[in-house]
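In the UniProt record's numbering, the protein residues as written are 1 to 830.
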Amino acid sequence: MKSVGDVLHLSQIFGVQVSEPGLLLVEFAFSIVWQLLDASLDDEGLLELTPEKRSIWPTVTQDMEIDSVDNFNEKRSEHHDVLCKGNTTMAIEIIGEFLQNKVTSRILFLARRNMSSHWGTFIQQLRVLAAKSVALRNAKHITPEALLNLTSDMHKVVSRKCKTISQQEFNAVIGSGSLTTSSGQCHGTSPSAHWLPIDLFLEDAMDGSQVAATGAVESLTGLVKALQAVNGTTWHDTFLGLWIAALRLVQRERDISEGPVPRLDTCLCMLLSITPLVVANIVEEEESELIDGCDCSPTNQIKEKQSPGRCRQDLISSLQMLGDYEALLTPPQPVRSVANQAAAKAIMFVSGLTVGNGYYECMSINDMPMNCSGNMRHLILEACIARNLLDTSAYVWPGYVNARANIPRNVPVQVIGWSSLMKGSPLTPTLINALIATPASSLAEIEKIYEIATKGSDDEKISAASILCGASLVRGWNIQEHTILFITSLLSPPVPADYSGSESHLISYGPFFNILLVGISPVDCVQIFSLHGLVPLLAGTLMPLCEVFGSTSPNVSWTLPTGEELTSHAVFSNAFTLLLRLWRFNHPPFENAMGDATPVGSQLTPEYLLLVRNSKLSDFGKSPKDHMKLKRMSKNLNISLELIFMDSFPKLKSWYRQHQECIASTLTGLVQGTTVHQIVDALLNMMFRKISRGGQSLTSTTSGSSSSPASGAEDVSMRLKVPAWDILEGAPYVLDAALTACAHGRLLPRDLATGLKDLADLLPATLATIVSYLSAEVTRGIWKPVFMNGTDWPSPSANLFMVEQQIKKIIAATGVDIPSLAIGIILYHY
């Protein structure tokens with residue numbers, strides 16, 4: 001903005017020497033409108049009728065190629081006149097757009113309030129245009145009266161919304177503009193294109209279909225350092241560009257109107273957990289280098305440790321300037337109360353009031369100080385303070401708090417929350433619910449829950465697992481990296497020293513594991529693990545669970561406090577489906593081929609995840625970066641450093657080999673009379689009871705022989721009391737038999753769908769096989785499409801109009817207008 005102001009000589013023209021970003025933006029917008037007005041008056045020869053008789057702008061009319069003597073003739077003269085009139089009309093209409101647009105009208109209102117003499121001259125010229133301009137009278141989209149009314153209407157609308165104009169109004173405009181300009185406005189040396197790679201990286205990290213094996217912290221740290229070096233910018237501009245890119249990411253998700261995958265919590269994780277960790281890496285790396293490079297004398301070392309490095313100083317200045325971007329700082333509705341609590345905490349500090357964290361936990365809107373309104377900067381500063389990047393002196397920054405507090409009216413004597421836990425209160429149902437709903441505010445609090453989860457009674461362990469997977473996981477941004485490490489550690493408990501049982505010690509943890517697995521299974525939670533780089537470590541803890549619980553008979557079960565029965569099949573299904581989501585298990589190999597190269601499997605295979613895990617664990621602690629991580633990590637954490645390989649999980653390895661074979665080619669090899677054949681027959685009888693009463697099993701379609709029907713539902717149920725791995729081994733043959741029967745007319749498509757549902761109800765883990773196998777079969781193109789006749793299969797024609805309206809509504813929200821589609825066209829695409 002400063003460069004623009006220097007080129008246009010805005011400070012000389014308007015007589016303002018201050019070069020603040022907000023003021024420069026107002027001067028620039030005002031100059032554009034005024035120059036359009038002067039040009040329109042000059043085109044029609046009306047500039048002589050204004051009081052100044054000339055334009056104040058240093059512009060000189062230049063002849064164009066069409067104005068030369070050689071090119072001048074009657075036709076070209078007419079064409080030249082048409083162009084001039086068209087340009088004049090367009091310029092006048094653009095002036096009207098500036099006065100009518102919500103953002104630009106606010107900017108011009110600021111010019112009206114703060115540059116009254118220049119505004120008066122502008123209005124006089126505008127009235128001359130309205131009274132004398134032929135182009136304005138002939139314009140199709142605006143009239144002289146409407147143009148004049150826009151200036152008065154702008155005053156009415158804007159003054160009704162904001163009674164006082166301050167620097168914050170300028171900042172709000174900058175915040176709106178920063179949606180397209182991410183670099184530091186004040187320093188002005190970094191165009192927005194410098195930070196575009198950060199925006200692209202953040203969007204790629206939000207792609208829920210791909211779970212990264214490496215963490216976003218390391219990758220983003222390297223990217224930011226590279227951009228700072230290549231662009232030659234200050235760390236102030238670099239940090240400001242990083243914060244604004246992360247804020248924009250959150251703003252793009254705040255009012256998302258489409259898509260089944262929630263991303264707000266993942267975006268907030270990126271802004272309030274990942275980004276502060278990136279900044280911490282950069283700041284701590286610089287300061288550790290300063291300490292290592294200082295003189296060996298103790299006095300110099302102490303002095304160096306006490307003086308912050310340049311990165312920390314630039315971080316502080318960037319966060320101070322971040323307050324200028326108000327439009328980006330508006331918190332999404334789900335976290336508005338948390339932002340208000342962060343603001344209230346600062347207000348209490350500034351007011352000299354000391355209240356414990358328990359007060360903020362139970363604070364309602366009625367307890368808030370007057371005019372207390374929190375924004376995303378309050379949450380960002382809390383995240384930086386929690387990681388020792390800032391101290392509480394940030395609370396007294398100018399403009400950081402907008403109110404002062406009196407003594408709180410309703411400070412409760414006993415607060416039910418994290419403060420109660422730290423004081424030794426037992427885990428009662430009321431306290432458990434409060435801890436699940438409220439994120440922990442410090443590492444000590446989350447360590448207390450981890451201690452209960454490892455040393456408490458069985459009921460206390462289950463309660464602690466529920467608390468860890470509650471708000472502390474999803475929105476405990478200040479301690480999120482510790483929470484997910486604790487959860488990962490709890491999924492891999494060590495063998496007790498006095499354990500002597502024949503079965504795995506993991507079996508007794510079934511209900512405890514199930515709470516953890518269900519708690520981290522939502523889409524946002526998996527992405528949070530991915531952003532923090534714990535996918536390989538998590539995969540290494542899930543594989544033993546799958547191997548053990550998948551090899552256990554469903555007769556092993558537990559009765560939960562709710563009275564519900566939990567089987568080993570349920571625990572296995574939760575662990576197995578979560579494991580599969582850590583790589584693109586259902587993508588056919590040829591999707592990863594490049595050109596004429598031989599098709600290869602996806603990079604994120606189980607073997608690859610284990611290799612990354614083993615590599616990280618074996619190398620951990622050897623680099624300076626690891627030393628910084630160790631300083632931040634909890635001393636109570638217990639993670640096994642033992643290397644593991646796929647050969648340690650024979651059942652999982654066998655399934656994975658079969659899975660790859662099913663995707664690569666059609667299925668063969670079911671031998672009659674084997675255990676697998678019996679399970680397949682039992683599954684088909686369970687899924688298609690009506691058809692199986694006809695006396696022939698559907699397996700005869702593929703195996704070439706018949707088998708007697710099941711003796712009854714009880715017999716089928718008993719035959720399916722087998723480990724989960726055995727059912728998964730037979731699932732592809734079940735699908736092949738069902739598809740073949742459907743193609744030969746022995747099975748209706750509707751019965752196929754209900755049968756697949758019954759299979760998934762029996763063992764939810766089979767959904768993975770259903771998805772991967774059917775996807776592979778579709779790509780092979782050997783099956784006929786299902787005829788939607790409304791009888792055997794529901795026809796979509798009855799709902800097409802409603803579906804079309806919903807699609808149009810979603811697209812219209814993006815600003816795209818589409819014509820109505822004919823029903824026949826939609827049916828064709830169906």
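Heads up, the beta-carbon is just placed ideally off N, CA and C, and yes, glycines get one too.
In the three-state reduction of the DSSP assignment, TRP583 falls in the coil class, being assigned neither a helical nor a strand state. Counting along the chain, the unbroken alpha helix (DSSP H) around TRP119 starts and ends at 116-132.
CA-CA distance, ILE449 to ASN636, rounds to 11 Å.
By the criterion of a C-beta distance shorter than 8 Å, SER573 is surrounded in its chain by ALA724, LEU763, PRO764, ALA765, once the five residues flanking it on both sides are discounted. Its chain contains HIS532 as the residues whose beta carbon lies nearer than 6 Å to that of GLU481, once the 5 sequence neighbours on both sides are disregarded; these appear in chain order. Distance from ALA342 to GLU382 at the Cβ level is roughly 5 Å; contact confirmed, criterion being Cβ atoms closer than 8 Å. Here LYS721 is exposed: its Cβ has fewer than 16 other Cβ atoms, across all protein chains shown, within 10 Å. Looking from the CA of ILE727, the closest CA among SER3, HIS569, SER772, GLN124 belongs to HIS569.
Shortest Cα-Cα distance from ASP207 to any of TYR499, ILE528, ALA776 involves ILE528. Burial is judged here by how many other beta carbons sit within 10 angstroms of a residue's own beta carbon; TYR499 has fewer than 16 and is exposed.
Setting aside the 5 residues that flank it on each side, VAL338 is surrounded in the same chain by PRO331, GLY374, LEU379, ARG475, each with a C-beta closer than 8 Å to its C-beta; the list follows chain order.
Between GLU729 and PHE649, the C-beta gap is not smaller than 8 Å, which leaves the two residues out of contact. The Cβ-Cβ distance between THR275 and ALA229 does not fall below 8 Å. Secondary-structure assignment with DSSP links THR567 through a beta bridge to SER557. In the DSSP assignment, GLN480 falls within the alpha helix (DSSP H) that extends over 480-490.
Residue range 606-619 is occupied by the alpha helix (DSSP H) that includes LEU609. In terms of Cβ geometry, THR238 and VAL224 form a close pair [threshold 8 Å].
Leaving aside the five residues that flank ALA440 on each side, the residues in its chain whose CB is nearer than 8 Å to its CB run, in chain order, TRP418, ILE446, ILE449, SER472, GLY476, ILE479, THR483.
If you compare the alpha carbons of GLY621, SER557, PRO536, THR567 with that of LEU580, the shortest gap goes to PRO536. THR766 sits in a helix when the DSSP states are folded into three classes. Annotated as distal: SER40 and LEU108, with beta-carbon spacing of 8 Å or more. Short of 6 Å from the beta carbon of SER273, and not among the five residues preceding or following it, lie these beta carbons of its own chain, in chain order: TRP477, GLN480. Shown here, MET633 sits in coil according to DSSP, grouped into three states, outside any helix or strand. Nearest Cα to LEU670 within the set LEU427, ALA737, ILE644, GLY15: ALA737. Taking 4 residues as the minimum length, the segment 652-676 contains no alpha helix (DSSP H) run wholly inside it. In the three-state reduction of the DSSP assignment, LEU329 falls in the helix class, which pools H, G and I. Apart from the 5 residues on each side of it in sequence, LYS461 sits with its Cβ closer than 6 Å to the Cβ of ALA453, PHE512 in its chain, given in chain order. Contact between ILE282 and THR214 is absent: CB atoms are separated by about 18 Å, not below the 8 Å threshold. Contact annotation: ALA91 and PHE30 have beta-carbon atoms that are not nearer than 8 Å. It is roughly 13 Å from the alpha-carbon of GLY781 to the alpha-carbon of ALA743. Non-local C-beta neighbours of LEU759 in its own chain, meaning closer than 6 Å and more than five positions away in sequence, comprise MET687, THR766, ordered along the chain. In this structure, LEU328 sits away from ARG387, with a CB-CB distance that is not shorter than 8 Å. Your pair LEU468 and PHE486 checks out as a contact, with CB atoms roughly 6 Å apart and the cut at 8 Å.
DSSP, read as helix, strand or coil, puts ASN638 in coil.
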